[in-house]
Amino acid sequence: MKRKKFIQVISFLILRGCAYLILAVLLLFIYDIASKGGAVISWEFLTQAPRRGMTEGGIFPAIVGTFLVTMVTAVISIPVGVFAAIYLNEYARQTRLTRIIRLSIRNLSGVPSIVYGLFGVILFVNAMKFGTSLLSAGLTLGLLTLPWTITASEEALKTVPQSFREGALALGASKWQTIRTNVLPYSFSGIITGAVLGLARAAGETAPIMFTGAAFYLPSLPHSLKDQFMALPYHLYVMATQHHSIIKVRPLAYGTALVLLMLILAINLGAYITRYRLRKIKME
Amino acid sequence: MKMEEKIKIEVRHLSFYYGSTPALKNITMKIAENKITAVIGPSGCGKSTFIRCLNRMNDILPGTRVEGEILIDGQNIYSPQVDVIELRKRVGLVFQKPNPFPKSIFDNVAYGLRINGVKNKRIIEEIVEKSLRQAALWDEVKDRLKDNAFSLSGGQQQRLCIARALAVEPKVMLFDEPCSAIDPIATAKIESLIHQLRNNYTVIIVTHNMQQAARVSDYTAFLMLGELIEYDKTEKIFTNPSHRLTEDYITGRFG
Amino acid sequence: MQILQKKKITRFKESLIQTFFMTNATLAVMILVGIFILLAWSAIPAFKEINFVKFMTGVNWDPTSPVKEEYGILSMVVSTFMVTFGALVIAIPIGIGVAAYLSDVAQPRTREIIKPVVEILAGIPSVVVGFLGIVLFGPLIAHLFHLPNGLNALNGSVLLAIMALPTIISISEDSLKAVPRSYQEASLALGASRWETLVRIKIPAALSGIIASIMLGMGRAIGETMTVLMATGNASAFPHGFLSSIRTMTATIAIELGEVPYFTTHYYALFGVGLVLFIITFLVNLSADLILHRYQEREQ
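Protein chains in written order, with our numbering: chain A, 1 to 284; chain B, 1001 to 1255; chain C, 2001 to 2300.
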């Protein structure tokens, strides 16, 4: 008996150690980026364009570019994702087609981001002649985000108890009425949260936009969907690896990393707070 | 058994299969209008499956098959021309576990009306009150119709679900073991309101509680392993059953 | 009682709505198939010039050599698997450990801290992780092993482990939580300790989910681009150890696609690499699926 207890204590301690290891790694990351990046962040850094080959100035166009391409991504992936999830969870029967669809979705979420980039080059940049642009990059990111949106939306739909649906059907509601009045309203917060979290991931992606629209330095902000754009992740990449004076711009790279992280953190927080608030309203 | 009353529902050679497994075997019976018919039998005998055939709720289960006919007012509800949505407005179902929607008490009862396109506020309010009175719940909730349905007790929630089903003004009311998840005091209230319903509705109630069947119903059907063993006036089933199996079940020799 | 005939309009409207939703769903299949087709279509011209066997088994990737162009992808394939293997060695024990910790050991308040930590870690973009590989782990590795710089397979493995961990942790934790309470209670009622219940009952019961999580983590590692691009050194020779600089398939594509002239053999060959990469990750994910299904069938 005592031996059992002893083994348990040690084992649980090891498990606890694993958890704290992860915590430590995260804290290390945050500390490094926050301290070295924080030194560089200033109002000018955030609102000005880069100067002198990026050795001075700010990253404003990259912030704008990231924001814009994420918007395009949202327009593509959120509606399609939600609709696909509605079909899968509310309508689909256990047929071979349904299995193939689900398999495809799971598989798509594992496709490497660079492969999406290649696909985007072939389809959007070349075949559809959109060229390297916000549109091409946004569409590519949209495809990348789609499996996530579908899965998250389906999870949200699943949380609605089956009794809501059965109760509505038993009262003579049609399938779509049931979904519209008894399923969607109660899964709405989950769907939105999932969608926004997907966008947060899209905002940090580099490989899909590297060859479909992102550029390191542009003289002006994009005016239309056909323009190229600057983006935070790509900016960071170039600053960290290809710049002609890497060491000199390292602090600026840190700053870019910090801004990117804070942006993603803000989006995540926003999603969670919104979900919390929406849930509270539902309960009352 | 010869039935003198008017027939509301006629079940003809009804068989039901989950995949290749039969759950109901060749059931034939006539259900009287404006009377309460109880369906009893041991667990797994097919009572719930049977009652869910009457409003085609089983349609939503994949891989199932129906043979035979169910005629309501002479119309076979399984015929391809029948709109199952309209059917469910005429045949209401109260589930075993109370399942109010996460809306207000008022909105729960009004739900069926709203999806049918009823928009007039006064009509909705009238029907909601009438339904809640029929479900013996009005006095308890009339001052808090805007409260969330989940603030009610289990027995109250079930009565709310009954009111909700009644609001659609069906002709037939199905109850699938409505009191199995409810405490005895609330059960008594529900039994008494079901008893009142027979004036205006044809009621079919599935129950595993024999005393309940004896208290509440006019006719009783005894099912076992998917077959209809005996069907007669309640009084006769419980005092002088014709079938040996029925007698054994009633007297508790198996259950 | 009059049961009305099917209202033709509502029937039509309902089936139209259903078809609409179904189209959105089948889009997923079309995209997957589309990726394969377009990649293959773009890669085919390369194989007019390049011998396919040499492509798959050749060790030298040197498309820009003035002397002799070579298109062997073996080195980069091995590099990819090497760095993935290293990542899994680190991530599997830690990942399952944290998952078990969250599901069975942690107090609610600690869970409230660690779970967000995992999610935040998952949300760090790969380019930032790669950046940290350059500025944090690189110097550390260089110092520990007395190397000129720390950009090598080891660095990549550590970083990929960090990226795969959230996947492994969250899916494993979900699997552990999904184990019915009745199993746990039965085990405890028989006198087993919580640890024994975890190891003998819960983990085996959740095994399919755990394995699936590992394979998904593996798929992530294989397909990672930015992290390895920034932290592994990108020497395109055949790797000789974890401390050597390596270049993965993903890195090769990312580096060369921007510079290669359009529509040359080199250009098409890069799509060939992309196709191989796609096929590998497709197979890994497919296997994960099959494992899940077979296990679930057995359970039933």
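C-beta: ideal position from N, C-alpha, C; glycine also.
Computed from a prediction, not measured in an experiment: that's the story for all the values here.
Buried/exposed call for residue i, threshold 16 Cβ in 10 Å
i                  : result
Gly-2209 (chain C) : buried
Lys-2008 (chain C) : exposed
Phe-211 (chain A)  : buried
Ser-2065 (chain C) : exposed
Tyr-276 (chain A)  : exposed
Ile-2044 (chain C) : exposed
Val-2053 (chain C) : exposed
Tyr-186 (chain A)  : buried
Ala-127 (chain A)  : exposed
Arg-1159 (chain B) : buried
Pro-79 (chain A)   : exposed
Ala-2099 (chain C) : buried
Arg-2149 (chain C) : According to the sequence as given, residue 2149 (chain C) is Asn; it is not Arg. Its Cβ having fewer than 16 others within 10 Å, Asn-2149 (chain C) is exposed.
Trp-2195 (chain C) : buried
His-2143 (chain C) : exposed
Test item: CB-CB of residue i and residue j under 7 Å
i                  : j                  : result
Lys-1047 (chain B) : Ala-1181 (chain B) : no
Asn-2152 (chain C) : Ser-2236 (chain C) : no
Phe-1222 (chain B) : Glu-1230 (chain B) : yes
Gly-120 (chain A)  : Thr-149 (chain A)  : no
Val-170 (chain A)  : Leu-1093 (chain B) : Note on residue identity: the sequence assigns Ala, not Val, to residue 170 (chain A). Yes, the Cβ-Cβ distance between Ala-170 (chain A) and Leu-1093 (chain B) is below 7 Å.
Thr-145 (chain A)  : Thr-66 (chain A)   : no
Gly-198 (chain A)  : Gly-2219 (chain C) : no
Met-2226 (chain C) : Ser-2126 (chain C) : yes
Gly-37 (chain A)   : Tyr-234 (chain A)  : no
Ala-1213 (chain B) : Ile-1040 (chain B) : yes
Glu-90 (chain A)   : Ile-179 (chain A)  : yes
Gly-138 (chain A)  : Val-69 (chain A)   : yes
Leu-88 (chain A)   : Ala-2025 (chain C) : yes
Glu-2173 (chain C) : Leu-2102 (chain C) : yes
Val-1172 (chain B) : Thr-1202 (chain B) : yes
Thr-47 (chain A)   : Phe-60 (chain A)   : yes
Residues that residue i bridges to, as DSSP identifies them
i                  : result
Val-1128 (chain B) : Bridge partners of Val-1128 (chain B): none, in fact.
Asn-1076 (chain B) : B:Leu-1071
Arg-1065 (chain B) : B:Tyr-1017
Tyr-1231 (chain B) : B:Ala-1221
Ile-273 (chain A)  : DSSP output for Ile-273 (chain A) lists no bridge partner at all.
Ile-1204 (chain B) : B:Thr-1037 and B:Leu-1174
Phe-229 (chain A)  : A:Ala-214
Phe-1010 (chain B) : The sequence given here has Glu at residue 1010 (chain B), not Phe. The partner list for Glu-1010 (chain B) (beta bridge, DSSP) reads B:Lys-1030 and B:Leu-1071.
Ile-2246 (chain C) : C:Gly-2233
Leu-1024 (chain B) : B:Phe-1016
Asn-1148 (chain B) : B:Ser-1104
7 Å Cβ cut-off: residues of chain A touching residue i
i                  : result
Leu-1093 (chain B) : Ala-170
Thr-2167 (chain C) : Ordered by position in chain A, no residue passes the 7 Å Cβ test against Thr-2167 (chain C), which lies about 10 Å from the chain.
Ile-2017 (chain C) : Trp-176
Asn-2024 (chain C) : Val-80, Phe-83, Ala-84 and Tyr-87
Val-2098 (chain C) : Cys-18, Ala-19 and Ile-22
Proximal chain C residues relative to residue i, where beta-carbon distance stays under 8 Å
i                 : result
Thr-206 (chain A) : Pro-2125, Ser-2126, Val-2127, Thr-2225 and Met-2226
Pro-112 (chain A) : Ile-2222, Gly-2223, Glu-2224, Thr-2225, Thr-2250, Leu-2277, Phe-2278 and Thr-2281
Contact set between residue i and chain C, taken where Cβ atoms lie within less than 7 Å
i                 : result
Pro-233 (chain A) : Pro-2125 and Val-2127
Arg-106 (chain A) : Asn-2285 and Asp-2289
Ser-77 (chain A)  : Here the premise fails: no neighbours, minimum Cβ distance about 11 Å.
Gln-8 (chain A)   : Ser-2193, Arg-2194 and Trp-2195
Contact list for residue i against chain B, beta-carbon separation under 7 Å
i                 : result
Thr-181 (chain A) : Ile-1115
Neighbouring residues, chain A, relative to residue i (Cβ below 9 Å)
i                  : result
Ala-1186 (chain B) : Within 9 Å Cβ-Cβ: nothing; Ala-1186 (chain B) doesn't reach chain A, min ~19 Å.
Glu-1086 (chain B) : Gly-172
Arg-1164 (chain B) : Gly-167 and Leu-171
Tyr-2183 (chain C) : Those do not exist, as Tyr-2183 (chain C) stays about 18 Å from chain A at its closest Cβ, beyond 9 Å.
Chain B residues whose Cβ lies nearer than 8 Å to that of residue i
i                 : result
Glu-166 (chain A) : Met-1057, Ile-1060, Phe-1095 and Asn-1099
Tyr-186 (chain A) : Pro-1102
Chain F contact residues for residue i, given Cβ-Cβ distances below 7 Å
i                 : result
Thr-241 (chain A) : The chain inventory of the structure shown lacks chain F, comprising the protein chains A, B and C.
Contact set between residue i and chain A, taken where Cβ atoms lie within less than 8 Å
i                  : result
Lys-1089 (chain B) : Leu-171 and Gly-172
Tyr-1017 (chain B) : The premise fails here: Tyr-1017 (chain B) is roughly 17 Å from chain A at the closest Cβ pair, so nothing lies under 8 Å.
Which parts of the segment 2008–2087 of chain C are runs of the alpha helix (DSSP H), unbroken and 4 residues or longer, counting only runs that do not cross its ends?
You should have 2008–2043, 2046–2049 and 2052–2057.
Counting only runs that start and end within the segment 1088–1139 of chain B, where is the beta strand (DSSP E) found for 3 or more residues in a row?
1091–1094
Taking only runs that begin and end inside the segment 15–60 of chain A, name each unbroken alpha helix (DSSP H) of 4 or more residues, in chain order.
Complete alpha helix (DSSP H) runs here, min 4: 43–47.
Going along the chain, which unbroken runs of the alpha helix (DSSP H) with 4 or more residues stay wholly within the segment 2092–2135 of chain C?
Segments of the alpha helix (DSSP H) lying fully in the segment 2092–2135 of chain C: 2108–2123 and 2126–2132.
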